[in-house]
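Peer 1:
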Amino acid sequence: MLAQRDALIAERDAALAERDAELRNAGYEIEKLKVQLATLRRDRYGRSSEKLAAEADQLEMLIGDLEEDQAEREAAAAERERQGKGKSGNQRKPATRRPLPEHLPRETVVHEPVLACRCGCTDPARLTRLGESITEVLEKIPARLKVIRHVRSRYACRACEAMLQAPAPALPIERGRPGPGLVAHVLVSKYLDGLPLFRLSGILAREGVEIERQTLADWVGHGAWWLRPLAEAIGRYALAQGVIWTDDTTIRVLAPGRGRTRIGRFWVYAFDPRPWGGTGPPAAIYHYSPDRKGERPREHLAGYAGWLHADAYAGYDALTAPKGGKAPAITHVACMAHARRELFKVYDSTKSPIAEEALRRIGELYAIEAAINGQEPEHRRAVRQAQSKPLLDALHAWMLQQRRRLPGKSTLAKALQYALNRWDALARYIEDGRLSIDNNLAERQLRGIAVTRKNYLFVGSDAGGQRAAIIYTIAETAKLNGLDPEAYIAAVLDRLANGHPITRIDELLPWNFRPSRQPTSVG
């Protein structure tokens with residue numbers, strides 16, 4: 048019997064070891080593919096390549112399949128261990144998991160054992176409670192629609208025959224059916240989650256509510272109309288700060304009457320003082336335009352004065368160039384990440400030691416930035432003048448020297464020339480502690496659009512692009528200020544529909560907003 052037991056244990060241990068090796072190998076393969084996917088995503092965002100986008104999507108699907116395979120093997124192994132528990136001393140140590148978020152509501156389910164022990168005692172009074180074991184499980188409650196019946200009693204005065212009745216509830220859509228919560232859900236689903244309205248209509252239909260896509264589009268239009276003054280107030284605040292970050296990205300727009308699409312643009316102008324320890328709230332204002340003409344940023348930045356973090360787009364030149372012998376009101380701060388990206392492309396394809404050295408030197412500048420992140424502007428400027436300026440001067444001289452040695456048409460020469468052509472703007476960040484070494488803030492604010500646009504493919508018109516810009520402005524600024532955008536938009540719509548004066552719109556800005564009551568919602 049002992050020999051048989053030992054043989055079973057040895058067989059089980061061998062199976063566990065084989066399973067562990069398979070899981071490790073699968074994990075290594077998944078990690079390798081994730082690195083490749085991250086590289087493709089970076090290139091896709093930077094170059095908008097359709098081919099790279101397709102490769103990234105295929106790689107993401109492959110990773111998903113591998114992770115599902117791995118999970119299936121783990122589930123099967125866990126079941127075998129559960130069935131064989133107690134038959135072998137080789138039990139796997141439970142994996143260490145992060146605790147579930149504290150802010151989530153808890154529902155407690157108490158499981159009491161059958162009060163009968165091995166000695167045959169069934170008297171609860173003889174049992175001593177030693178404590179408890181707690182297992183927390185994350186569960187999803189399906190989205191639930193409900194109908195709120197607003198009942199308004201009517202009264203008549205017998206003396207004067209006057210009729211008394213409470214007013215009808217104010218809703219975002221006059222004589223409409225959706226509450227502010229449902230309108231907010233549609234807006235966030237479409238623009239932040241990239242869910243086309245026809246799919247959202249299908250989801251609602253599965254819940255037993257038939258709402259046509261055209262009706263949902265009508266709700267989007269009404270919601271954007273209510274929120275436009277708030278988006279404009281966010282824009283006024285952002286452009287009054289004297290330092291902003293800007294970038295733009297493409298969006299396909301349906302050409303009227305032609306059945307084809309053309310390329311429009313979303314622009315973002317962002318402000319975030321947290322890197323220099325500022326106490327003001329962050330904000331991001333979005334604009335849509337049907338093209339990328341230089342007049343677009345001039346329109347967006349009319350009246351602005353201060354620093355402008357931006358890429359090398361020539362449309363900004365008219366804003367930052369001296370006029371009539373006078374210094375410009377706007378000063379361009381270029382993006383070191385763009386210069387580094389050009390050099391990395393060369394190094395990645397050629398392993399050039401010159402490109403590698405340039406990347407190493409730029410890395411030293413970024414290390415200084417990491418050390419002073421969150422510090423006061425005066426301290427940041429002092430450190431940059433003492434540490435970054437000598438490195439920048441040396442890097443500039445070294446780049447000039449290397450550039451003179453290279454053929455003009457080589458990819459490395461072009462990458463170096465990209466930085467040299469805009470060196471003053473690249474090095475300008477050391478002049479003020481509020482500035483940053485790159486334009487990554489603006490790029491981050493556009494990544495949500497870059498991800499979701501592949502789902503809804505295009506906007507239906509220029510007016511649709513403008514509505515999208517309104518919702519992005521409010522939702523992304525809410526996120527920057529730590530608010531749930533859907534809950535915030537629902538509460539704001541409720542306040543506006545109930546007569547909050549536009550002259551006091553600043554009270555509804557994300558950093559000022561205090562909900563007075565729960566919004567009436569059917570979402």
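In this note's numbering, the protein residues as written are 48 to 570.
Every residue, glycine too, gets a C-beta built ideally from N, C-alpha and C.
In whole angstroms, what separates the C-alpha of Leu442 from that of Arg408?
Peer 2: Going from the Cα of Leu442 to the Cα of Arg408 covers about 7 angstroms.
Peer 1: Roughly how many whole angstroms lie between the Cα atoms of Asp265 and Arg253?
Peer 2: One C-alpha to the other measures close to 21 angstroms.
Peer 1: Taking the beta carbon of Leu151 as the centre, do at least 16 other beta carbons fall within 10 Å, making it buried, or is it exposed?
Peer 2: By the 10 Å Cβ count, Leu151 comes out exposed.
Peer 1: Span of the beta strand (DSSP E) holding Phe318?
Peer 2: That run of the beta strand (DSSP E) goes Thr308 to Phe318.
Peer 1: Since Ile332 contacts Ala271 with CB under 8 angstroms, what's their CB separation in whole angstroms?
Peer 2: Between Ala271 and Ile332 the Cβ distance is about 15 angstroms, and since that is not below 8 angstroms, they are no contact.
Peer 1: Does the beta carbon of Ile518 sit closer than 8 angstroms to a beta carbon anywhere in chain D?
Peer 2: Looking for chain D here will not work: only one protein chain is present.
Peer 1: Report the three-state DSSP secondary structure of Ile332 (helix, strand or coil).
Peer 2: If DSSP states are grouped into helix, strand and coil, Ile332 belongs with the strands.
Peer 1: So is Ser483 buried or exposed if we call it buried at 16+ other beta carbons inside 10 Å?
Peer 2: Ser483 should be labelled buried.
Peer 1: Pop quiz: Glu423 and Gly353 are said to be a contact at Cβ under 8 angstroms. What is the actual Cβ separation, rounded to whole angstroms?
Peer 2: Their Cβ separation, rounded to whole angstroms, is 19 angstroms, which puts Glu423 and Gly353 out of contact at 8 angstroms.
Peer 1: Looking at C-beta atoms only, is the number of pairs between the region 332-348 and the region 358-375 that lie closer than 8 angstroms three or more?
Peer 2: Because the criterion of three Cβ pairs below 8 angstroms is met, the region 332-348 and the region 358-375 touch.
Peer 1: Touching or not, the region 450-468 and the region 389-399, by the rule of three or more beta carbon pairs under 8 angstroms?
Peer 2: Cβ pair count under 8 angstroms is three or more, so yes.
Peer 1: Under a three-way DSSP split, which group does Gly353 fall into?
Peer 2: Gly353: strand per DSSP, three-state reduction.
Peer 1: By DSSP's criteria, Leu301 is part of a beta bridge. Which residues make up the other side?
Peer 2: Answer is Thr308, bridged to Leu301.
Peer 1: For Pro227, count neighbouring C-beta atoms within 10 Å of its own C-beta (all shown protein chains included) and say buried if the count is 16 or more, exposed if not.
Peer 2: It is buried - the Cβ of Pro227 has at least 16 other Cβ atoms within 10 Å.
Peer 1: Can you tell me whether DSSP reads Phe560 as helix, strand or coil?
Peer 2: Coil.
Peer 1: First and last residue of the beta strand (DSSP E) that includes Thr378?
Peer 2: Element bounds for Thr378: Ile377 to Val380.
Peer 1: Residues in the same chain with beta-carbon distance under 8 angstroms from His426, minus the five sequence neighbours each way, listed in chain order, please.
Peer 2: Cβ neighbours of His426 beyond the five flanking positions: Ile419 and Gly480.
Peer 1: Could you check if Ser457 is buried or exposed, using at least 16 other CB atoms within 10 Å of its CB as the buried criterion?
Peer 2: So Ser457 ends up on the exposed side.
Peer 1: For the alpha helix (DSSP H) that Arg427 lies in, which residues bound it at each end?
Peer 2: Its alpha helix (DSSP H) spans residues Pro424 to Val430.
Peer 1: Could you check the C-alpha separation between Gly133 and Glu78 for me, to the nearest Å?
Peer 2: With a pLDDT of only 48 at Gly133, under 50, the local geometry of the prediction cannot be trusted, and no value is derived from it.
Peer 1: Tell me the DSSP bridge mates of Val506?
Peer 2: Partner(s): Val300.
Peer 1: Looking only at C-alpha atoms, which of Ile298, Val300, His356 and Arg345 sits nearest to Ala317?
Peer 2: Measuring from the Cα of Ala317, the nearest candidate turns out to be His356.
Peer 1: Classify Gln492 as buried or exposed, calling it buried when 16 or more other Cβ atoms lie within 10 Å of its own Cβ.
Peer 2: Buried, because 16 or more other Cβ atoms sit within 10 Å of the Cβ of Gln492.
Peer 1: Which whole runs of the beta strand (DSSP E) in the region 200-232 are 3 residues long or more, in chain order?
Peer 2: Listed in chain order, the complete beta strand (DSSP E) runs (minimum 3 residues) inside the region 200-232 are 201-203 and 210-212.
Peer 1: Which complete alpha helix (DSSP H) runs does the region 393-475 hold, if anything under 4 residues is left out?
Peer 2: Within the region 393-475, the complete alpha helix (DSSP H) runs of at least 4 residues are 400-419, 424-430, 436-452, 458-468 and 470-473.
Peer 1: Residues in its own chain within less than 8 angstroms of Leu540 by CB, not counting five upstream and five downstream?
Peer 2: Around Leu540: Pro219, Pro227, Val230, Ala231, Gly270, Trp273, Leu274 and Pro566.
Peer 1: In three-state DSSP terms, what is Lys340?
Peer 2: Coil.
Peer 1: Answer with buried or exposed for Arg514, where buried requires no fewer than 16 other C-beta atoms within 10 angstroms of its C-beta.
Peer 2: By the neighbour-count rule (16 or more Cβ atoms within 10 Å), Arg514 is buried.
Peer 1: If you draw a straight line from the C-alpha of Ala215 to the C-alpha of Asp531, how long is it?
Peer 2: Approximately 29 angstroms between the Cα atoms of the pair.
Peer 1: Would you mind stating whether Ser236 and Leu251 have Cβ atoms separated by less than 8 angstroms?
Peer 2: Contact: no.
Peer 1: In chain order, which continuous runs of the alpha helix (DSSP H) of length 4 or greater are located wholly inside the region 492-541?
Peer 2: Listed in chain order, they are 509-527.
Peer 1: Quick check on this structure: which residue in Ala538, Asp509 and Ala510 has the alpha carbon closest to the alpha carbon of Ala522?
Peer 2: Among Ala538, Asp509 and Ala510, the Cα nearest to that of Ala522 belongs to Ala538.
Peer 1: Using the C-alpha atoms, what's the distance from Glu69 back to Thr293?
Peer 2: Their backbone Cα atoms lie some 47 angstroms apart in a straight line.
Peer 1: Going by C-alpha distance, which of Gly178, Arg176, Thr182 and Arg191 is nearest Arg153?
Peer 2: The candidate whose alpha carbon is nearest that of Arg153 is Thr182.
Peer 1: Any idea what DSSP makes of Thr155, helix, strand or coil?
Peer 2: Thr155: coil per DSSP, three-state reduction.
Peer 1: Could you tell me the alpha carbon to alpha carbon distance between Arg345 and Asn468, rounded to whole angstroms?
Peer 2: Distance between the alpha carbons of Arg345 and Asn468: 23 angstroms.
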